[in-house]
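Participant: Could you have a look at this structure, given as structure tokens, before my questions?
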Amino acid sequence: MTATKKLTIARAMAESLAQEMRVDPNVFVMGEDIAQLGGVFGNTRGLLDEFGSDRIRDTPISETAFIGAGVGAAMDGMRPVVELMFVDFFGVCFDAIYNMMAKNIYFSGGNSNVPMVIMASTGGGYSDGGQHSQCLYGTFAHLPGMKVVAPSNAYDAKGLMTAAIRDNSPVIYLFHKGLQGMGWLGTEPAAINQVPEDNYVLEIGKAKTVAEGNDITIVSIGIGVHHALKAAQELKQHDISAEVIDLRSLVPLDREHIIASVKKTGRLLVVDEDYHSFGVSGEIIASVVEHDHLMLKTPPQRITFPDIPIPFSRPMEQWALPSTEKIVDACLMMKEK
Amino acid sequence: MAEVIIIPMDLWEEDEEGVITAWLVDNNTPVKVDQLVAEVMVEKIQYEINSTCDGVISILSKEDDIVSKGSIIAEVS
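As you go down the protein sequences, you meet chains A and B in turn. All the letters of the first sequence, read from the start, carry residue numbers 1 to 337 under our numbering. All the letters of the second sequence, read from the start, carry residue numbers 1 to 77 under our numbering.
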């Protein structure tokens with residue numbers, strides 16, 4: 001058994017990056033404030049000292065330029081990991097992301113790989129306004145050509161980062177600010193867990209059942225997994241046994257895993273901090289219903305962010321966010337039906 | 001005889017309070033001298049706290065607790 005140690009997601013990401021950079025000279029990292037500062041969210045801490053400024057590159061504030069440069073480098077044989085500080089900044093660089101990074105393998109008839117990772121922070125809850133608080137899972141997952149992952153704990157964060165770097169296709173790696181262990185939204189202790197010191201790969205596209213139950217399936221990703229796990233504990237007092245699935249990846253989506261669970265429980269609740277309409281929650285519900293709607297005992301439900309810009313005001317934002325309390329209430333309602 | 005893990009008086013410059021953002025070891029588990037055990041954040045800057053000796057750690061301040069320079073956050077015995 002290899003040695004393990006307790007890490008935050010931020011440290012787990014940095015450890016994976018460092019270990020891959022030691023064995024593969026083509027891996028490098030760039031983005032805003034990722035070198036000297038170690039990243040606003042801590043996921044590149046210590047890398048500049050070990051690898052120097054050729055491989056840990058601070059960029060000017062032009063996402064258009066450095067995401068485009070990443071695509072070129074990836075097609076030229078490098079393995080860039082590029083940080084888009086807030087996923088909300090995607091607007092200025094989406095041509096590079098979607099028309100170049102995501103499509104160039106296809107456009108080249110498979111002759112050119114694009115082994116690029118974009119890591120971006122997601123999520124709100126700390127009053128940073130509508131342009132710093134979104135998840136946008138559905139925005140990226142909707143568009144073909146990119147894999148999309150979002151870890152809920154340090155163990156998954158390290159394995160998914162290693163898998164993303166080694167993948168020959170572009171990967172969007174979305175980490176939630178509230179789980180980084182950087183105090184932005186307080187600390188989520190369950191996100192800080194034991195991580196093997198050796199490097200390892202967590203296969204992209206595999207969901208995991210993180211709590212077993214028989215009465216209802218709660219499907220979530222990122223911070224929603226922690227809300228769901230707390231709700232599952234509370235629901236035990238109401239004699240409700242909830243199963244919690246951590247998707248870990250959105251693309252590919254592990255539909256088989258979700259369907260197998262709903263077949264057992266007969267009830268489906270999706271918890272997603274992304275916007276309500278046209279997104280991840282609807283896709284998961286549709287995937288289950290189109291497989292076999294007869295296995296559902298009650299209509300599937302979802303707890304999501306309402307279709308409004310994210311409020312800056314703390315009470316208004318907290319009202320809108322998914323929470324453990326909302327999950328408990330929804331499960332009680334579904335069990336009564 | 002237990003030794004304490006204390007937030008060093010010179011860890012940051014001003015007199016602001018900090019918050020413990022992560023314990024990187026479990027309570028009542030063995031730690032080694034100089035091992036990274038916790039992170040403290042002050043004004044969005046994170047500082048590392050290391051163990052002062054070998055032994056078993058007893059954590060006194062939880063995650064999200066407010067701490068100051070000189071605060072005792074754990075004992076190692």
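No residue lacks a Cβ here, since even glycine has one placed at the ideal position from N, Cα and C. It should be emphasised that the depicted structure is a prediction, and the values quoted were computed from it without experimental measurement.
Would Glu256/A be called buried (16 or more neighbouring beta carbons within 10 Å of its own) or exposed?
Facilitator: Walking along the first sequence from the start, residue 256/A turns up at place 256. Exposed, by the Cβ-count rule.
Participant: Would you say Val4/B faces chain A, with C-beta separation under 8 angstroms as the test?
Facilitator: As a working note, residue 4/B is residue 4 in the second sequence. With 8 angstroms as the cut-off, Val4/B does not count as an interface residue toward chain A.
Participant: The alpha helix (DSSP H) spanning Met333/A covers which residue range?
Facilitator: Translated into the one-based positions of the first sequence, residue 333/A becomes position 333. Met333/A -> alpha helix (DSSP H) spans 324-336.
Participant: Are the stretch 272-281 of chain A and the stretch 125-137 of chain A touching, with three or more C-beta to C-beta distances below 8 angstroms?
Facilitator: Counting Cβ pairs under 8 angstroms, three or more are found: they touch.
Participant: Can you tell me which residues form a DSSP beta bridge with Phe28/A?
Facilitator: Here residue 28/A refers to the residue found at position 28 when the first sequence is read from its first residue. Pro80/A.
Participant: Taking DSSP as the reference, what is the three-state secondary structure of Trp12/B?
Facilitator: By 1-based counting over the second sequence, the position of residue 12/B is 12. Reduced to three states, the DSSP call for Trp12/B is coil.
Participant: Helix or strand or just coil, what does DSSP make of Gly186/A?
Facilitator: What you label residue 186/A is simply residue 186 of the first sequence in a count that begins at 1. Residue state, collapsed to three classes: strand.
Participant: Closer than 7 angstroms between beta carbons: that is the criterion. Which residues of the stretch 157-190 of chain A meet it against chain B?
Facilitator: Of all residues in the stretch 157-190 of chain A, Gly181, Met182, Gly183, Gly186, Thr187, Pro189 have a Cβ within less than 7 angstroms of some Cβ in chain B.
Participant: On a CA-only basis, which of Gln46/B, Glu16/B, Thr29/B is nearest Glu75/B? Give me that one, please.
Facilitator: Within the second sequence, numbered from 1, the residue matching residue 75/B stands at position 75. Closest by alpha carbon: Thr29/B.
Participant: Considering only C-alpha positions, which residue in the set Val31/B, Ser58/B, Glu39/B, Asn50/B is nearest to Val67/B?
Facilitator: Taking the second sequence and counting its residues from 1, one reaches residue 67/B at position 67. When only C-alpha atoms are compared, the closest one is Glu39/B.
Participant: Using the DSSP secondary-structure output, state which residues sit across from Thr2/A in a beta bridge.
Facilitator: Position 2 of the first sequence, counted from the first residue, corresponds to residue 2/A. Thr2/A is not bridged to any residue.
Participant: Could I get the ranges of all uninterrupted beta strand (DSSP E) runs contained in the stretch 16-63 of chain B, with 3 residues as the minimum, in chain order?
Facilitator: For the stretch 16-63 of chain B, whole beta strand (DSSP E) runs of length 3 or above, ordered along the chain, are 18-23, 36-42, 45-50, 55-59.
Participant: Can you find a CB in chain A that lies within less than 8 angstroms of the CB of Thr21/B?
Facilitator: Residue 21/B sits at position 21 when you count from the first residue of the second sequence. Yes, contact with chain A.
Participant: Between the alpha carbons of Arg45/A and Gly39/A, how many angstroms are there, rounded?
Facilitator: For the purposes of this step, residue 45/A is taken as the residue at position 45 of the first sequence. For the purposes of this step, residue 39/A is taken as the residue at position 39 of the first sequence. For Arg45/A and Gly39/A, the distance between alpha carbons rounds to 7 angstroms.
Participant: For Ile327/A versus Val288/A, is the C-beta distance shorter than 8 angstroms?
Facilitator: On the first sequence, residue 327/A is found 327 positions in, with the first residue counted as 1. On the first sequence, residue 288/A is found 288 positions in, with the first residue counted as 1. No, these two residues do not count as a Cβ contact at 8 angstroms.
Participant: With three or more beta-carbon pairs closer than 8 angstroms as the criterion, would you say the stretch 233-247 of chain A touches the stretch 86-95 of chain A?
Facilitator: Verdict: no, contact absent.
Participant: Using three-state DSSP, classify His176/A as helix, strand or coil.
Facilitator: By one-based count along the first sequence, residue 176/A stands at place 176. His176/A falls in the strand class under three-state DSSP.
Participant: Please list the partners that Met41/B has in chain A, where partner means a Cβ-to-Cβ separation under 8 angstroms.
Facilitator: In the second sequence, the residue the question calls residue 41/B occupies position 41. Per Cβ cutoff of 8 angstroms: Met182, Gly183.
Participant: Should Arg22/A be labelled buried (16 or more other beta-carbon atoms within 10 Å of its own) or exposed?
Facilitator: Within the first sequence, residue 22/A is the residue found at index 22, counting from 1. Exposed is the call here.
Participant: Who does Gln131/A pair with in a DSSP beta bridge?
Facilitator: In the first sequence, residue 131/A corresponds to position 131, counting from 1. Its beta-bridge partners do not exist; DSSP assigns none.
Participant: With distances taken between CB atoms, is the gap from Phe28/A to Ser121/A smaller than 8 angstroms?
Facilitator: Numbered from 1 along the first sequence, position 28 holds the residue referred to as residue 28/A. Numbered from 1 along the first sequence, position 121 holds the residue referred to as residue 121/A. For Phe28/A and Ser121/A, no; Cβs fall outside 8 angstroms.
Participant: Could you pull out every residue in the same chain whose Cβ sits closer than 6 angstroms to the Cβ of Ala74/A, ignoring the five residues on either side in sequence?
Facilitator: Counted from its first residue, the first sequence places residue 74/A at position 74. Here the set comprises Pro80, Val114, Pro115, Met116.
Participant: Where does Glu203/A sit, in a helix, a strand or coil, going by DSSP?
Facilitator: As a working mapping, residue 203/A is identified with position 203 in the first sequence. Coil, per DSSP.
Participant: Could you tell me which whole alpha helix (DSSP H) segments of length 4 or greater appear in the stretch 39-106 of chain A?
Facilitator: Those alpha helix (DSSP H) runs which fall completely within the stretch 39-106 of chain A and span 4+ residues are 47-51, 63-75.
Participant: From this set, Val82/A, Val195/A, Asn153/A, which residue's C-alpha is nearest His176/A's C-alpha?
Facilitator: Within the first sequence, numbered from 1, the residue matching residue 176/A stands at position 176. The shortest C-alpha separation from His176/A is found at Asn153/A.
Participant: So Thr64/A contacts chain B; which residues on that side make the cut at Cβ distance below 7 angstroms?
Facilitator: Locating residue 64/A in the first sequence gives position 64, counting from the first residue. Per Cβ cutoff of 7 angstroms: no residues; Thr64/A is ~27 angstroms from chain B at best.
Participant: Alpha carbon to alpha carbon, how far is Ile285/A from Ala207/A? Give it in angstroms, no decimals.
Facilitator: Reading the first sequence from its first residue, position 207 is the one you call residue 207/A. Reading the first sequence from its first residue, position 285 is the one you call residue 285/A. For Ala207/A and Ile285/A, the distance between alpha carbons rounds to 16 angstroms.
Participant: Does Gly282/A come within less than 8 angstroms of chain B when only Cβ atoms are used?
Facilitator: Reading the first sequence from its first residue, position 282 is the one you call residue 282/A. Judged by the 8 angstroms Cβ criterion, Gly282/A is not in contact with chain B.
Participant: Please determine if the stretch 191-205 of chain A and the stretch 161-176 of chain A are in contact, where contact requires at least 3 C-beta pairs separated by less than 8 angstroms.
Facilitator: Segments in contact, yes.
Participant: Looking at the secondary structure, which residues open and close the alpha helix (DSSP H) in which Thr298/A lies?
Facilitator: The residue you call residue 298/A lines up with position 298 of the first sequence. Per DSSP, Thr298/A belongs to no alpha helix (DSSP H) and is neither H nor E.
Participant: Run through DSSP, which three-state label would Gln194/A get?
Facilitator: Numbered from 1 along the first sequence, position 194 holds the residue referred to as residue 194/A. Reduced to three states, the DSSP call for Gln194/A is strand.
Participant: Comparing alpha-carbon positions, which option in Gly110/A, Ser108/A, Met161/A lies nearest Glu83/A?
Facilitator: For this step, residue 83/A is matched to residue 83 along the first sequence. Measuring from the Cα of Glu83/A, the nearest candidate turns out to be Met161/A.
Participant: Verify the contact flag: Asp33/A, CB atom, against every heavy atom of the ligand SAH, threshold strictly below 7 angstroms.
Facilitator: This structure lacks the ligand SAH; in fact it carries no ligand of any kind.
Participant: Which one of Thr265/A, Phe51/A, Pro25/A has the shortest CA to CA distance from Gln36/A?
Facilitator: Taking the first residue of the first sequence as position 1, residue 36/A is located at position 36. Answer by Cα proximity: Phe51/A.
Participant: Please give the ranges of any alpha helix (DSSP H) in the stretch 240-302 of chain A, keeping only runs that are unbroken, at least 4 residues long and fully inside the region.
Facilitator: List check, alpha helix (DSSP H) in window: 255-265, 280-292.
Participant: Go ahead and pull the three-state DSSP assignment for Lys230/A.
Facilitator: Here the question's residue 230/A lines up with position 230 in the first sequence. Helix, per DSSP.
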